[in-house]
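Each remark here refers to the structure printed beneath this line.
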Amino acid sequence: MTNIKNIAIIGAGPSGISAYLQLVKELHNDLTSITIFDPIGIAESFSFNTDLASSLNNTSVGVSSLYSDDKLDYFKWLQDKKSDLNVSSSDFISRYYFKEYCQDRFWQSKDYADAFGCSTFVENSEVHKLAFKNGRMIVTSQNDIDFFFDAVILATGVTTTTPGGLDNSCTNLITNPYPESLFLQRVNNDSKVLILGSKLSAIDVSVAIHNKYPNAQMTMVSRSGELPSVRSSLLIKSTVPQDYNILSRLSASSCADKINAEYKLEQDIACCKSSLNHWEDIVGQFIEEFNEQIPTMTPDRQLRLMSKYQYFIKHYVSSFPLANAEIVLQAIKSGNLTILKKDISDYIVVKDKHIFGKERDRLKNFDVVINASGISHKPIDDTLIHSLSQLSVTKNKAGGLKVSSSSMRVLSENDSVPLYVIGGPAAGEVPITNYVRSSVTQAKKIVSDIVRLTRCSKKGLLSYYA
Numbered sequence: 001m002t003n004i005k006n007i008a009i010i011g012a013g014p015s016g017i018s019a020y021l022q023l024v025k026e027l028h029n030d031l032t033s034i035t036i037f038d039p040i041g042i043a044e045s046f047s048f049n050t051d052l053a054s055s056l057n058n059t060s061v062g063v064s065s066l067y068s069d070d071k072l073d074y075f076k077w078l079q080d081k082k083s084d085l086n087v088s089s090s091d092f093i094s095r096y097y098f099k100e101y102c103q104d105r106f107w108q109s110k111d112y113a114d115a116f117g118c119s120t121f122v123e124n125s126e127v128h129k130l131a132f133k134n135g136r137m138i139v140t141s142q143n144d145i146d147f148f149f150d151a152v153i154l155a156t157g158v159t160t161t162t163p164g165g166l167d168n169s170c171t172n173l174i175t176n177p178y179p180e181s182l183f184l185q186r187v188n189n190d191s192k193v194l195i196l197g198s199k200l201s202a203i204d205v206s207v208a209i210h211n212k213y214p215n216a217q218m219t220m221v222s223r224s225g226e227l228p229s230v231r232s233s234l235l236i237k238s239t240v241p242q243d244y245n246i247l248s249r250l251s252a253s254s255c256a257d258k259i260n261a262e263y264k265l266e267q268d269i270a271c272c273k274s275s276l277n278h279w280e281d282i283v284g285q286f287i288e289e290f291n292e293q294i295p296t297m298t299p300d301r302q303l304r305l306m307s308k309y310q311y312f313i314k315h316y317v318s319s320f321p322l323a324n325a326e327i328v329l330q331a332i333k334s335g336n337l338t339i340l341k342k343d344i345s346d347y348i349v350v351k352d353k354h355i356f357g358k359e360r361d362r363l364k365n366f367d368v369v370i371n372a373s374g375i376s377h378k379p380i381d382d383t384l385i386h387s388l389s390q391l392s393v394t395k396n397k398a399g400g401l402k403v404s405s406s407s408m409r410v411l412s413e414n415d416s417v418p419l420y421v422i423g424g425p426a427a428g429e430v431p432i433t434n435y436v437r438s439s440v441t442q443a444k445k446i447v448s449d450i451v452r453l454t455r456c457s458k459k460g461l462l463s464y465y466a
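Read left to right, the sequence shown gives residues 1 to 466 (UniProt numbering).
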């Protein structure tokens with residue numbers, strides 16, 4: 001095993017930053033350098049690149065810390081840096097504060113590491129190739145520059161998916177819902193806007209438009225025609241006996257197909273305001289246990305549990321904040337937002353590089369079409385890992401790499417240079433990854449493994465006398 005002194009982190013979103021912070025915390029005395037590769041820089045990932053107060057984190061302040069063993073860190077940072085906000089641990093606040101938190105903690109940790117001789121380098125470049133040679137990992141940037149490392153952490157994050165049948169060259173299509181300025185500059189109060197999708201990204205889009213242009217006409221279309229449930233907080237709380245009954249009751253699909261989105265949203269908001277959302281108290285703990293236990297099970301057992309809790313994850317784990325729910329409801333009641341239950345590929349029609357909606361016997365024109373049909377885990381490009389054939393790595397069905405769930409280290413026949421995944425690239429291995437708490441838990445596992453490898457070969461000051 002190579003003596004680990006120089007580490008690469010590919011990706012500088014929350015996952016990559018969390019891994020960096022944990023490395024500095026645990027190994028600032030042991031490492032020579034940490035190099036972070038990201039073409040757009042530290043914490044500039046698209047979903048956090050916002051200046052809108054309505055673009056809320058979908059998790060509360062109390063579970064959004066970048067440190068797994070200090071759930072209060074984000075809350076403490078806000079108390080120190082943004083005391084005028086007067087936030088509580090259960091609050092949902094704009095993502096631009098989280099972006100600032102990520103950047104602030106990164107630069108603080110960099111200064112700390114520098115004092116111990118551990119240098120930090122930020123390469124504003126994509127990584128095009130990984131290769132294994134002479135006991136080290138070679139990372140090749142888009143500029144064909146080779147860098148050599150003793151360990152590599154893949155934190156390439158998430159991306160947007162475009163529904164089949166859509167041509168990205170369509171004149172009225174905006175392919176990415178973030179940052180919001182991309183579509184807000186093309187919308188006005190007279191606009192007719194088609195939003196593809198009805199989940200979290202689509203909700204962000206509709207809220208942003210209705211806040212700025214309340215008379216704009218929005219149509220939201222998705223296969224389910226449903227909005228997620230609504231929550232007033234997301235915290236990790238200890239379970240009580242009745243929680244199991246709540247989980248069992250909510251894991252079965254409801255009669256939502258027979259209930260229109262407006263009525264269901266009204267009911268969800270009423271439950272939130274009446275403190276009747278008892279499921280809120282179990283979501284955080286459910287994610288913690290689900291992510292830890294599923295990877296240790298047999299494939300058949302995994303499939304059964306994933307199927308059993310699919311509805312709960314889709315509707316309750318992926319629920320959205322009350323404040324934005326009230327804005328969405330206002331848009332619906334004012335006649336400015338319509339939610340359609342239709343397959344996107346059946347509804348849209350492309351003609352002369354312009355997207356229309358198919359409604360009965362006519363085509364409906366839209367000034368702007370915004371793809372908010374989903375955020376998916378960014379697959380690890382085949383060309384990126386082609387040279388790792390010497391390591392006999394294996395991709396899973398979700399496009400991620402097979403890993404050891406206890407360390408997030410990629411499984412291979414030759415592990416003399418450890419390769420780790422965190423966040424999006426862990427898709428298929430960790431069930432719920434698009435969630436800050438999930439990434440920081442993975443970061444802790446990764447660094448604990450590197451600590452074990454590093455400290456095994458380290459000699460102390462009095463080793464001679466031991």
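Where is the CB? At the ideal position from N, CA and C, for every residue including glycine.
Given the structure is predicted, the values throughout are model-derived calculations rather than measurements.
Near S373, what residues of its chain come up, given a Cβ to Cβ distance below 7 Å and the 5 sequence neighbours on each side ignored? T161, P163, L196, G197, I344
Thinking C-beta only, is L184 closer than 8 Å to I174? no
Identify every run of the alpha helix (DSSP H) within the region 33 to 93, keeping only runs that are complete inside it and at least 4 residues long; order them along the chain. 73 to 81
Measuring alpha carbon to alpha carbon, tell me which residue in V230, A8, S68 is nearest S273. It should be pointed out that residue 273 corresponds to Lys in this sequence rather than to Ser. Ranking V230, A8, S68 by Cα distance to K273 puts V230 first.
Thinking just about the alpha-carbon of each residue, which of S94, D38, S233 is nearest to the one in Q142? D38
Using the beta-carbon count (16 or more within 10 Å), is I348 buried or exposed? buried
Of all the beta strand (DSSP E) runs that stay within the bounds of the region 162 to 214, which reach a length of 3 or more residues? 192 to 196
L31 lies in the alpha helix (DSSP H); which residues open and close that run? That residue, L31, is in no alpha helix (DSSP H); it is neither H nor E in DSSP.
Considering only their Cβ atoms, is the gap separating L21 from R105 smaller than 8 Å? yes
Does the beta-carbon of G117 have 16 or more other beta-carbons within 10 angstroms, so that it is buried, or is it exposed? exposed
Excluding the 5 residues flanking F75 on each side, which residues of the same chain have their C-beta closer than 8 Å to its C-beta? V61, G62, S65, V87, S89
Mapping DSSP to helix, strand and coil, what is T296? helix
From D146 to V417, what does the alpha carbon distance come to, in whole angstroms? 16 Å
I10 bridges to which residues according to DSSP? F37, L154
Ignoring anything shorter than 3 residues or poking outside the region 87 to 139, list the beta strand (DSSP E) runs there in chain order. 119 to 123, 127 to 133
Three or more C-beta pairs below 8 Å linking the region 318 to 335 and the region 210 to 220: yes
At which residue ranges does the region 297 to 325 contain complete alpha helix (DSSP H) runs of 4 or more residues, listed in the order of the chain? 299 to 308
Compute the Euclidean distance between the alpha carbons of C255 and A261, then round it to the nearest angstrom. Only weak support is given to the placement of C255: the predicted model assigns it a pLDDT of 47, under 50, and the value that follows is read from those uncertain coordinates. In a straight line, the C-alpha of C255 is about 12 Å away from that of A261.
Is the CB-CB distance between L322 and G284 below 8 Å? no
F147 (DSSP reduced to helix, strand or coil): strand
Is the CB of L200 under 8 Å away from at least one CB in chain D? Structure shown: chain D not included; a single protein chain is present.
According to DSSP, simplified to helix, strand and coil, what is R452? helix
With which residues is H354 paired in a DSSP beta bridge? K351
Is it a yes or a no for the region 236 to 252 touching the region 359 to 370, going by three-plus beta-carbon pairs under 8 Å? no
Quick one, which of N291, N58, K353 has its alpha-carbon nearest D91's? N58
Could you give the distance in angstroms between the alpha-carbon of M218 and the alpha-carbon of P295? 41 Å
Return helix, strand or coil for K341, following the three-state DSSP convention. strand
Tell me the rounded alpha-carbon separation between F356 and Q330. 26 Å
Could you tell me the boundaries of the beta strand (DSSP E) in which L419 lies? 419 to 421
How big is the Cα-Cα spacing for M408 and I282? 26 Å
Terminal residues of the beta strand (DSSP E) in which N365 lies: 362 to 365
Distance between R249 and V139 (C-alpha atoms, nearest Å): 49 Å
Thinking G16 and I7 are a contact (beta carbons under 8 Å), I'd like their distance in whole angstroms, please. With a Cβ gap of about 11 Å, G16 and I7 do not count as contacting.
Exposure of P177, with buried meaning 16 or more beta-carbon neighbours within 10 Å: buried
Check whether the Cβ atoms of A208 and L52 sit closer than 8 Å, and answer yes or no. yes
What residues in its chain sit with their C-beta under 6 Å from that of S109, if we drop five residues either side in the sequence? L21, V24
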